[in-house]
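Counting in my numbering, the sequence shown runs from 192 upward without gaps.
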Amino acid sequence: MGKATRIRRIFQIVVFVAMGMLILRNVLGKTYNTPETYCPMGGLVSLYAFITGKTPPCSMSETNLVLFIAVLLLALLAKRSFCGWICPVGALGEWFGILGRKLEFNKNLPKKLEKSLRAIKYIILVLVLIFTVRIGELIYRGYDPYYALISLHGEDIGIISYISLGLVIVAAIIISMAFCRYLCPLAAFLNFPSRIGLIKIRRDEKSCTQCKMCDRACPLSIEVSNVERVVDGNCLNCLACVDACPEEGALRLEINGRWR
Ligand code: SF4
Ligand code: SF4
Numbered sequence: 192m193g194k195a196t197r198i199r200r201i202f203q204i205v206v207f208v209a210m211g212m213l214i215l216r217n218v219l220g221k222t223y224n225t226p227e228t229y230c231p232m233g234g235l236v237s238l239y240a241f242i243t244g245k246t247p248p249c250s251m252s253e254t255n256l257v258l259f260i261a262v263l264l265l266a267l268l269a270k271r272s273f274c275g276w277i278c279p280v281g282a283l284g285e286w287f288g289i290l291g292r293k294l295e296f297n298k299n300l301p302k303k304l305e306k307s308l309r310a311i312k313y314i315i316l317v318l319v320l321i322f323t324v325r326i327g328e329l330i331y332r333g334y335d336p337y338y339a340l341i342s343l344h345g346e347d348i349g350i351i352s353y354i355s356l357g358l359v360i361v362a363a364i365i366i367s368m369a370f371c372r373y374l375c376p377l378a379a380f381l382n383f384p385s386r387i388g389l390i391k392i393r394r395d396e397k398s399c400t401q402c403k404m405c406d407r408a409c410p411l412s413i414e415v416s417n418v419e420r421v422v423d424g425n426c427l428n429c430l431a432c433v434d435a436c437p438e439e440g441a442l443r444l445e446i447n448g449r450w451r
């Protein structure tokens with residue numbers, strides 16, 4: 192495991208530990224806050240309520256809105272790093288994707304099918320936004336694997352949420368980060384600012400030997416070896432490709448057009 196991946200793992204584990212502590216403190220009555228208080232997707236779906244002065248759906252608050260804006264700014268700066276470094280569902284998708292690769296279950300779909308499946312998340316995003324505005328409730332809550340993971344459990348969520356979380360894990364074993372690729376509405380939204388992302392991976396054609404180890408390491412199957420810069424909105428800036436590259440300096444981070 193390369194240095195960048197090791198640091199990223201620490202970030203991901205810290206988020207899981209923080210979530211567990213928050214749930215425990217809530218159960219013990221020491222705080223009203225739950226991991227949902229810090230869900231940026233909650234800020235996105237409540238945006239209309241904050242703009243129009245209406246009551247936000249469920250327990251969404253200004254904290255969700257502030258975090259949503261922070262994640263949006265992060266995407267403009269460093270692409271979808273929130274998904275690659277912080278989001279617990281992203282971490283699960285990646286970890287089980289690695290397990291799938293080790294077990295040799297992991298598959299890459301044909302390009303056309305992959306592209307069509309990736310479009311589903313945009314449809315989900317539009318539906319979630321329309322229904323939340325019309326009904327004023329988070330209608331997807333009962334099926335949301337993210338909510339199944341971060342909720343207080345017990346009576347808080349039903350069996351469907353757990354099935355949905357289980358499917359996310361099984362799907363990730365077959366296709367790394369399948370939920371993030373095809374279904375996550377926050378990923379769909381972030382893909383737009385992420386295309387601008389000032390910090391991105393750049394490949395030096397002179398040093399690159401076309402071994403394609405970067406392509407195989409990418410949890411989202413981005414073909415790094417075919418581009419000079421990774422402008423793809425799906426890029427998590429996870430640096431797995433940089434860690435996997437055997438050629439010194441062939442892959443580096445570019446910050447606003449400058450090599451680092
Ligand atoms: S292109 Fe590199 S940095 Fe981007 S998601 Fe793939 S492995 Fe991570
Ligand atoms: S891993 Fe490095 S050398 Fe190999 S194809 Fe990717 S950029 Fe080129």
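For glycine and all other residues, C-beta sits at the position ideal for the given N, C-alpha and C.
If the five residues before and after residue 351 are omitted, its C-beta is found closer than 8 Å to the C-beta atoms of 333, 334, all from its own chain and listed in chain order.
An exposed status is given to residue 223, since fewer than 16 other beta-carbon atoms sit within 10 Å of its beta-carbon. For residue 410, the shortest C-beta to heavy atom distance toward ligand 1 is below 8 Å.
Ligand 2 has no heavy atom closer than 8 Å to the beta-carbon of residue 426. With distances taken between CA atoms, residue 386 lies nearest to 265 out of 417, 356, 265. Beta bridge pairing from DSSP links residue 391 with 445. Within the same chain, 406 come within 7 Å of residue 414 by CB-CB distance, once the 5 residues on both sides are set aside. Taking 9 Å as the cut-off, the beta carbon of residue 234 is found no closer than this to the beta carbon of residue 273. With 16 or more other Cβ atoms from the protein chains shown falling within 10 Å of its own Cβ, residue 319 counts as buried.
Within the DSSP secondary-structure output, residue 420 pairs in a beta bridge with 393. Counting the other Cβ atoms within 10 Å of the Cβ of residue 295 gives fewer than 16, which makes it exposed.
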